[in-house]
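Q: Under the UniProt record's numbering, the residues of the sequence shown are numbered 1 to 652, in order. Pasting a structure here, questions to come.
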Amino acid sequence: MRAVQKRANNTTGMEQTRYQLLFSRKQALYKKLSLRAKRTSLKNFCTQTKNPYGIPYKAIVKDNLPPSDLFKIMDQPEEGDSLSFANRILQELYPQIPTPFQRQPQNQTAREEAFTKNEIARIMQKVPIKKAPGYDGIDFIVLKTIFRTNPDILITFYNKWKNKSDIKSYRPVSLLPTLGKILEKLLLERLNHHLRRNNLQHPNQYGFRTNRSTEEAILDLLDKINSAKNSNQHALMISLDIKGAFDHLQYTSIKNSLDNLKYHSNTLETLIDILSNRKVAINTSQGPATWNQQQGCPQGSCTGPAFWNLVADEVLQQDWPQGVHLQAFADDFVFLVNAGSKQEVKNLANKALQTFKTWTDKHKLEISLDKTYYLHINKNRSGPIWYSGIKWGQNNIKRASVIKYLGVLIDDKLNFAAHLSAIKNKSLILHQGLKNVAGTSWGLSKNIRRQLYLTVVEKVILYASAAWAHNITARQQRLLCSIQRKFLLNITGAYNTTPTAALQVIEGLMPLHIKAKMQSTLVRVGRLGRNCDYEGTHFDHESYEQPSPPSTIHPALFSLEDRITHGGQVPSNRTPTEVYTDGSKINDQTGSAFCVIANEAITKTWKAKLSPANTGVLALQSGHPGGPALQSRDVHLERQPSLTQTLKVLYS
């Protein structure tokens, strides 16, 4: 091509025209072959790949958009260099606070126990190894290796205090990023222990709390809405959006909230010191741009969520009048106001919003009116529509017929039609992404397609099914079947005329509406501790294992043995031989096993694969070794049945 182009440039007249036409044909052929090679390479890669969560997963789920050119979207992009640009970003994101925080000195500060090896070990088990390191290049893999080979280095580092009489001890110290994260996690565990032990965490805060979830927040809100409807009352749901809540959280607010805990210890003093003299930096080609940070919790900060909850608890603890309910999931606040008349609801709502505005003004937070809506659930289906009257300061809050709360679309009819429509649109995007890497005769293998469907697509579709799938209608069942059908055709490679029921039987995949009902029952009974009915069977949550409550033991005194119990009571006459049994059924495969422990050593083990016709309960029973030789021994059986297996038995 280059030779032809060169000849075309060096000739004139008809000869040049001939070479130009030849170059155009060769260029078109090159583009055609290049595109064919790209497609062939993609098909071969997708066909040969073995990792379903690598590039195929990103192609299905992630948005492959190019990064934005920040210099082009800023005003006056031609002025300044990258260093001045970075300084402008820092000054905009972290404005200086005119009034510094003045803290009263504490006369008595309790000194807690030093950080123990067990505390640091628990943190090391939880930290991810694939997170990017800080500017120093030290990542968690390095720290884990250090702790595994010589843990005393980190134990000494986090417990070392300098001599207060030495003037050199007061020079500025910058914690390395990963080392700082470990320290924050250690301090955070002790702070959370103090909050739990003294019952200082507000129950209406669902975010960043142990054993709390978005599904619990959504269900509690829906329960209150349904309770208002059953009481023949109007209900008003107000969703509040705080502009950059974590970015604009004032350090003065955090420090005041910490002081109000009356938790005068070296742990709290260290947390407050961490917030003092902070600087944020952006590395540029001209050098680092630095700026004093007096507000905001960095993204990925370990202590940021806990600090936010402390500040948010102040407004949650307000003495709200009867008929006003405020709850939060991190920075997502929602009011539910109910009363017998519309005027009374308006008055209660406006008073509550004024109280909330006082709190936001105090902490220099702002509400985004463009993302703040209210939803009116009328007590009469045929009642007049309510358009105005709810205010934030001098501005009217917009009315909406649908509000998205924690990923679930709640409409004024409470039938979740809008949410299922959104699920359908989202599934179309996922299906198109799957088709890009898995064609009819090429691409991902059948097993990988099935695995991606079960672990990605179903999880996305069935999110928060406990809120919307418990009383699903026949029309919604058909909609879910139509959503599932597209993926079944892609997995099986069957003809488009194949019935959906046949596809489900061939692949052994449960119909989506039945899976949604089962998931709803599982979450309600197994995670949230609620009684529930499924297919005419009543499930009492007390009959099934519930999530373990957070430990009340101080982190410095906590060890692995504290997580192992014998029904709350350790037998005094423990026999020298103990037998532990288990049995389970997963993906139509049933197994059973037991082991014998004598004098704290395993003396015998047994395991077997059972017939697929056996249930999990039969597998558990078959694991009992029995026999006269073990009749006088301790045999530990699984006390509570598996809720998942029980639901599958009912379905089958």
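Positions of the beta carbon are idealized from the N, C-alpha and C atoms, including for glycine.
Going by CA-CA distance only, name the one from Gln233, Leu557, Thr552 that's closest to Pro342.
A: Start at 1 with the first residue of the sequence shown, and residue 342 comes out as number 342. Correcting the residue identity first, residue 342 is Lys in this sequence and not Pro. The shortest C-alpha separation from Lys342 is found at Gln233.
Q: Reducing DSSP to helix, strand and coil, say where Leu488 ends up.
A: Position 488 of the sequence shown, counting from 1, holds the residue named residue 488. Leu488: helix per DSSP, three-state reduction.
Q: For Gln205, I'd like the list of residues in its chain whose CB is within less than 7 Å of its CB, leaving aside the five on either flank, ordered along the chain.
A: What you label residue 205 is simply residue 205 of the sequence shown in a count that begins at 1. Here the set comprises Asn309, Ala312, Asp313, Leu316, Ala328.
Q: Compare the beta carbon distance of Gln318 and Tyr251 with 8 Å and say whether it is the shorter of the two.
A: On the sequence shown, residue 318 is found 318 positions in, with the first residue counted as 1. On the sequence shown, residue 251 is found 251 positions in, with the first residue counted as 1. No, they are not a contact pair.
Q: Of the choices Leu21, Leu489, His248, Glu119, whose alpha-carbon is the least far from that of Asn507?
A: For the purposes of this step, residue 507 is taken as the residue at position 507 of the sequence shown. Looking at the sequence shown, residue 507 is not Asn but Glu. Ranking Leu21, Leu489, His248, Glu119 by Cα distance to Glu507 puts Leu489 first.
Q: Below 6 Å CB to CB, which residues in the same chain sit around Ser465 once its five sequence neighbours on both sides are set aside?
A: For the purposes of this step, residue 465 is identified with residue 465 of the sequence shown, where counting begins at 1. Only Ala516, Gln519, Ser520 meet the Cβ criterion.
Q: Going along the chain, which unbroken runs of the alpha helix (DSSP H) with 4 or more residues stay wholly within the region 303–344?
A: Qualifying alpha helix (DSSP H) stretches, in chain order: 304–316.
Q: Would you tell me roughly how many angstroms separate the C-alpha atoms of Val457 and Phe23, rounded to the nearest one?
A: Mapped onto the sequence shown, residue 457 falls at position 457. Mapped onto the sequence shown, residue 23 falls at position 23. If I take the Cα positions, the gap works out to 48 Å.
Q: Note down the Cα distance separating Ala418 from Ser301, rounded to an integer number of angstroms.
A: Along the sequence shown, one-based indexing puts residue 418 at 418. Along the sequence shown, one-based indexing puts residue 301 at 301. Their backbone Cα atoms lie some 35 Å apart in a straight line.
Q: Measuring straight from C-alpha to C-alpha, what distance separates residue 653 and Asn44?
A: Because the chain in this structure spans residues 1 to 652, residue 653 falls outside the shown range and cannot be described.
Q: Please determine, among Tyr534, Tyr580, Val525, Ala228, the residue with the shortest C-alpha to C-alpha distance to Glu542.
A: Within the sequence shown, residue 542 is the residue found at index 542, counting from 1. Here the closest residue by C-alpha is Val525.
Q: Run through the DSSP bridge pairs and tell me what Val523 is partnered with.
A: Taking the first residue of the sequence shown as 1, we reach residue 523 at position 523. The partner list for Val523 (beta bridge, DSSP) is empty, contrary to what the question assumes.
Q: Starting from the C-beta of Ile397, find all residues in its chain whose C-beta is less than 6 Å away, skip the five residues before and the five after it, and write them out in chain order.
A: As a first step, residue 397 is located in the sequence shown; it is residue number 397 there, counting from the start. Excluding positions up to five away in sequence, the list reads Thr372, Tyr374, Ile390.
Q: What do you get for Glu216, buried or exposed, if any count of 16 or more other CB atoms within 10 angstroms of its CB means buried?
A: Sequence index remark: in the sequence shown, residue 216 carries index 216 (1-based). When all chains shown are included, Glu216 counts as buried.
Q: Starting from the C-beta of Trp320, find all residues in its chain whose C-beta is less than 7 Å away, skip the five residues before and the five after it, and write them out in chain order.
A: The residue you call residue 320 lines up with position 320 of the sequence shown. Leu326, Ala352, listed in sequence order.
Q: Looking at the strands, I want to know which residues DSSP matches up with Gly591.
A: Working through the sequence shown from its first residue, we reach residue 591 at position 591. Paired residue(s): Ser584, Lys609.
Q: Quick one: Cα of Ala8 to Cα of Lys26, how far?
A: Here residue 8 is taken as the residue at index 8 of the sequence shown, counted from 1. Here residue 26 is taken as the residue at index 26 of the sequence shown, counted from 1. If I take the Cα positions, the gap works out to 13 Å.
Q: Taking the beta carbon of Thr590 as the centre, do at least 16 other beta carbons fall within 10 Å, making it buried, or is it exposed?
A: Counted from its first residue, the sequence shown places residue 590 at position 590. Buried, because 16 or more other Cβ atoms sit within 10 Å of the Cβ of Thr590.
Q: With distances taken from CA atoms, which of Thr360, Gly393, Ala339 is nearest Asn350?
A: As a position in the sequence shown, residue 350 is number 350, starting the count at 1. Asn350 has its Cα closest to that of Gly393, out of Thr360, Gly393, Ala339.
Q: Are the region 136–144 and the region 193–205 touching, with three or more C-beta to C-beta distances below 8 Å?
A: Counting Cβ pairs under 8 Å, fewer than three are found: no touch.
Q: What are the uninterrupted segments assigned as beta strand (DSSP E) that are 3 or more residues long and contained completely in the region 225–262, given in chain order?
A: List check, beta strand (DSSP E) in window: 234–241.
Q: Keeping to the same chain, check which residues put their C-beta closer than 6 Å to that of Asp601; ignore five residues upstream and five downstream.
A: By one-based count along the sequence shown, residue 601 stands at place 601. It should be pointed out that residue 601 corresponds to Ala in this sequence rather than to Asp. Once the five neighbours on either side are set aside, Ala601 has no close Cβ partner at all.
Q: Of the choices Arg527, Gly323, Ile60, whose alpha-carbon is the least far from that of Lys224?
A: Taking the first residue of the sequence shown as position 1, residue 224 is located at position 224. Taking only the C-alpha atoms, the option nearest Lys224 is Gly323.
Q: Could you pull out every residue in the same chain whose Cβ sits closer than 8 Å to the Cβ of residue 657, ignoring the five residues on either side in sequence?
A: The structure shown has nothing for residue 657, since the chain only spans 1 to 652.
Q: Use the C-beta contact count for Tyr30: other C-beta atoms within 10 angstroms, 16 or more gives buried, fewer gives exposed.
A: The sequence position of residue 30 within the sequence shown is 30, counting from 1. So Tyr30 counts as exposed.
Q: For Leu236 and Ala467, which I take to be in contact (beta-carbon distance under 8 Å), what is that distance rounded to the nearest angstrom?
A: Taking the sequence shown and counting its residues from 1, one reaches residue 236 at position 236. Taking the sequence shown and counting its residues from 1, one reaches residue 467 at position 467. No, Leu236 and Ala467 are not in contact; Cβ-Cβ is about 19 Å, not under 8 Å.
Q: If you check the beta carbons only, do Pro128 and Thr178 fall under 8 Å apart?
A: In the sequence shown, the residue the question calls residue 128 occupies position 128. In the sequence shown, the residue the question calls residue 178 occupies position 178. Cβ distance not < 8 Å, so Pro128 and Thr178 don't count as in contact.
Q: Going by DSSP, which residues form a beta bridge with Gly443?
A: Here residue 443 refers to the residue found at position 443 of the sequence shown. Answer is Ala438, bridged to Gly443.
Q: Are any of the Cβ atoms in chain B nearer than 8 Å to that of Gln322?
A: No chain B appears in this structure, which consists of one protein chain only.
Q: For Leu143, which residues in the same chain have their Cβ closer than 6 Å to its Cβ, ignoring the five residues on either side in sequence?
A: Position 143 of the sequence shown, counting from 1, holds the residue named residue 143. Cβ neighbours of Leu143 beyond the five flanking positions: Thr178.
Q: For Tyr534, count neighbouring Cβ atoms within 10 angstroms of its own Cβ and tell me buried if that reaches 16, exposed if not.
A: Position 534 of the sequence shown holds residue 534. The residue in question, Tyr534, is buried, as its Cβ has 16 or more Cβ neighbours within 10 Å.
Q: Helix, strand or coil, according to DSSP, for Cys481 in the structure here?
A: The residue you call residue 481 lines up with position 481 of the sequence shown. Three-state result, Cys481: helix.
Q: Closest by CA to Phe558, which one among Ala469, Phe115, Ile218?
A: For the purposes of this step, residue 558 is identified with residue 558 of the sequence shown, where counting begins at 1. The candidate whose alpha carbon is nearest that of Phe558 is Phe115.
Q: Per the DSSP calculation, Tyr374 is bridged to which residue(s)?
A: Walking along the sequence shown from the start, residue 374 turns up at place 374. DSSP lists Ile238, Arg399 as partners of Tyr374.
Q: With a CB to CB cut of under 7 Å and the five nearest residues on each side skipped, what residues in its chain are close to Lys357?
A: For the purposes of this step, residue 357 is taken as residue 357 along the sequence shown, with counting starting at 1. Contacts found: Trp392, Gly393.
Q: For a quick check, are the C-beta atoms of Ile448 and Pro52 less than 8 Å apart?
A: Locating residue 448 in the sequence shown gives position 448, where the first residue counts as 1. Locating residue 52 in the sequence shown gives position 52, where the first residue counts as 1. Result yes, Cβ atoms of Ile448 and Pro52 sit closer than 8 Å.
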